[in-house]
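Below is one structure; the comments refer to it alone.
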Amino acid sequence: MVTTSSEAAPRHGGLRQSWRLLAAAALGIPFWLLTAGQLPRGHVTDGGYWFAVGDPLVAVGCLVALVWRRRFPLPVALVVVLASAASTLAAGAAFLALTSIAAHRRTAWTATVTAAYVAAAQYNIDLYPIRLAPPPTWLPLLLTAASAGIAIAVGLAVGARRAEVASLRERARSAEREQSARAAQARAQERTRIAREMHDVVAHRISRVALHAGVLDHRGDLTAEENRVLVRSIVDSSHQALEELRDVLGVLRDRPEPPQPSLELIPGLVAEAQAAGLDVTLAGTVSGEPPDTAGRTCYRVAQEGLANAAKHAPGSRVHVTVEGAPGDGLRVTVRNSPAATARTAVLPRSGYGLLGLTERVTLAGGELLHRAAPDGGHLLTARLPWPDHRGKRT
Numbered sequence: 041m042v043t044t045s046s047e048a049a050p051r052h053g054g055l056r057q058s059w060r061l062l063a064a065a066a067l068g069i070p071f072w073l074l075t076a077g078q079l080p081r082g083h084v085t086d087g088g089y090w091f092a093v094g095d096p097l098v099a100v101g102c103l104v105a106l107v108w109r110r111r112f113p114l115p116v117a118l119v120v121v122l123a124s125a126a127s128t129l130a131a132g133a134a135f136l137a138l139t140s141i142a143a144h145r146r147t148a149w150t151a152t153v154t155a156a157y158v159a160a161a162q163y164n165i166d167l168y169p170i171r172l173a174p175p176p177t178w179l180p181l182l183l184t185a186a187s188a189g190i191a192i193a194v195g196l197a198v199g200a201r202r203a204e205v206a207s208l209r210e211r212a213r214s215a216e217r218e219q220s221a222r223a224a225q226a227r228a229q230e231r232t233r234i235a236r237e238m239h240d241v242v243a244h245r246i247s248r249v250a251l252h253a254g255v256l257d258h259r260g261d262l263t264a265e266e267n268r269v270l271v272r273s274i275v276d277s278s279h280q281a282l283e284e285l286r287d288v289l290g291v292l293r294d295r296p297e298p299p300q301p302s303l304e305l306i307p308g309l310v311a312e313a314q315a316a317g318l319d320v321t322l323a324g325t326v327s328g329e330p331p332d333t334a335g336r337t338c339y340r341v342a343q344e345g346l347a348n349a350a351k352h353a354p355g356s357r358v359h360v361t362v363e364g365a366p367g368d369g370l371r372v373t374v375r376n377s378p379a380a381t382a383r384t385a386v387l388p389r390s391g392y393g394l395l396g397l398t399e400r401v402t403l404a405g406g407e408l409l410h411r412a413a414p415d416g417g418h419l420l421t422a423r424l425p426w427p428d429h430r431g432k433r434t
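Here it is in structure tokens:
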């Protein structure tokens with residue numbers, strides 16, 4: 041038999057508690073009146089005051105004790121059932137006590153209280169001198185066992201219903217917790233995605249602004265034309281950074297998401313870097329149209345590599361290679377030589393560029409490698425899957 045703790049039973053409100061106690065009292069009244077009708081004439085006036093006074097007082101005490109049956113289920117049930125042996129009117133209270141203990145669905149508790157219930161009923165039969173002829177011994181025992189069976193069946197049904205309701209409530213709470221967890225995870229993923237996009241589209245332009253501003257601050261031998269070119273580059277880069285930042289933040293305002301970069305935009309990215317004074321060359325051959333995810337990730341790798349070269353290796357030569365074909369994968373490499381000039385300004389490090397790029401490449405199903413080159417420069421390589429028409433992947 042399945043068991044549940046007493047703490048699992050719901051606490052009843054005052055109204056629900058009251059009608060149960062009133063029902064128990066009403067159930068005992070017919071037995072008490074039936075017994076009164078079978079007492080010898082003048083029994084009460086001749087000294088049988090227990091039936092008129094003691095019997096009802098014991099019944100009231102049993103009903104009062106049942107108020108605490110939720111807190112102390114087994115002791116209260118035993119006390120009420122045993123006390124019913126001295127009170128015919130307490131028969132309803134004993135029935136409710138047995139029903140309540142059976143609702144807890146604990147075999148040992150139910151068996152103990154049932155035994156006490158049957159024994160008390162047998163004693164109660166001989167409590168008063170009724171006028172009817174004594175019934176056969178087996179009949180009172182059978183009737184008592186039948187009433188105990190009814191009480192246990194009702195209690196088990198009530199306990200099963202409580203367990204079902206508790207299970208449904210727990211499922212609802214569990215579903216609500218899971219929904220909250222999924223919502224929190226979705227928010228965290230969206231924040232991470234937006235932060236990564238902001239880094240990708242803004243960091244390299246701000247790096248160029250800082251580099252050019254550093255040149256203006258430390259070089260006093262520049263001609264007016266050189267100063268004008270640097271200032272113009274700072275203005276253009278700042279304007280582009282603000283435009284791209286506005287596009288990313290527009291997603292937070294329910295605006296349509298800006299078009300994502302693709303492989304075809306890498307030549308333009310290289311041209312911008314060349315216009316900013318970086319010595320960059322682009323080579324490689326791509327046969328066909330790669331998947332959008334692979335092309336977009338390839339662009340981000342090239343963007344991060346050029347931004348890092350501009351920040352950490354000023355004056356270096358940068359070589360970008362993009363090559364690939366269906367079934368062979370897409371490969372992008374950004375290699376820069378050692379810095380040719382000393383950095384004119386110390387640029388702040390975000391610490392998340394390559395980390396976020398590694399995660400982006402991994403989510404696209406590829407792998408990212410970055411290490412120092414033998415000549416003292418730096419090598420950044422990403423390999424991305426590109427399935428062919430047969431679904432083959434590298």
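For what it's worth, the numbering used here labels the leading residue of the sequence shown as 41, then goes sequentially.
The C-beta atom is built at its ideal place from N, Cα and C for all residues, glycine as well.
- Taking all protein chains in view, the Cβ of residue 112 is surrounded by fewer than 16 other Cβ atoms within 10 Å, so the residue is classified as exposed.
- The C-alpha of residue 263 is placed about 30 Å away from the C-alpha of residue 307.
- The count of Cβ pairs closer than 8 Å, one atom from the stretch 140-148 and one from the stretch 70-78, stays below three, leaving the stretches out of contact.
- If you look at residue 95, you'll find it isn't in any beta strand (DSSP E); it sits in the alpha helix (DSSP H) that goes 95-105.
- DSSP lists 357 as the beta-bridge partner residues of residue 319.
- When rounded, the separation of the alpha-carbon atoms in residue 155 and residue 217 is 45 Å.
- Between residue 372 and residue 362, the C-beta spacing is below 7 Å.
- Bridge partners of residue 279 according to DSSP: none are assigned.
- Scanning its chain for C-beta atoms nearer than 6 Å, with the 5 sequence neighbours on each side dropped, one finds around residue 320 the residues 310, 313, 314 and 358, in chain order.
- Rounded to whole angstroms, residue 369 and residue 427 show a C-alpha spacing of 7 Å.
- Between residue 125 and the set 110, 98 and 228, the nearest pair of CA atoms involves 98.
- In the three-state reduction of the DSSP assignment, residue 422 falls in the strand class, which pools E and B.
- Counting of Cβ neighbours within 10 angstroms places residue 95 among the buried residues, the total reaching 16 or more.
- According to DSSP, residue 363 shares a beta bridge with 371.
- DSSP places residue 410 in the uninterrupted beta strand (DSSP E) bounded by 407-412.
- Within the DSSP secondary-structure output, residue 249 pairs in no beta bridge.
- Residue 416 counts as exposed, since fewer than 16 other beta carbons sit within 10 angstroms of its beta carbon.
- Inclusion of residue 422 and residue 341 in the CB contact set at 7 Å is warranted, their separation being smaller than that value.
- Annotation: residue 160 to residue 153 spans about 10 Å, alpha carbon to alpha carbon.
- The Cβ atoms of residue 119 and residue 157 do not sit closer than 7 Å to each other.
- Counting only runs of at least 4 residues, the stretch 100-142 fully encloses the following alpha helix (DSSP H) elements, listed from N- to C-terminal order: 113-123.
- Exposed is the label assigned to residue 115, since fewer than 16 other Cβ atoms lie within 10 Å of its Cβ.
- The straight-line gap separating the alpha-carbon atoms of residue 198 and residue 145 is approximately 10 Å.
- Non-local beta-carbon contacts of residue 337 in its own chain, meaning distances under 8 Å to residues more than five positions away in sequence, involve 400, 401, 404, 406, 422 and 424 in chain order.
- Under the 10 Å beta carbon count, residue 220 is surrounded by fewer than 16 other beta carbons and is classified as exposed.
- Classified as buried, residue 103 has 16 or more neighbouring CB atoms from the shown chains inside 10 Å of its CB.
- Taking 7 Å as the cut-off, the beta carbon of residue 420 is found no closer than this to the beta carbon of residue 413.
- In chain order, 244, 247, 248, 251, 313, 316 and 318 place their CB closer than 8 Å to the CB of residue 350, counting only its own chain and leaving out the 5 sequence neighbours on each side.
- Going by DSSP, residue 165 is part of the alpha helix (DSSP H) stretching over 147-165.
- Ranked by how close their Cα comes to the Cα of residue 151, the residues 188, 282, 66 and 89 have 188 in first place.
- Partner residues in the beta bridge of residue 376, as assigned by DSSP, are 358 and 418.
- No alpha helix (DSSP H) of 4 residues or more sits fully in the stretch 321-351.
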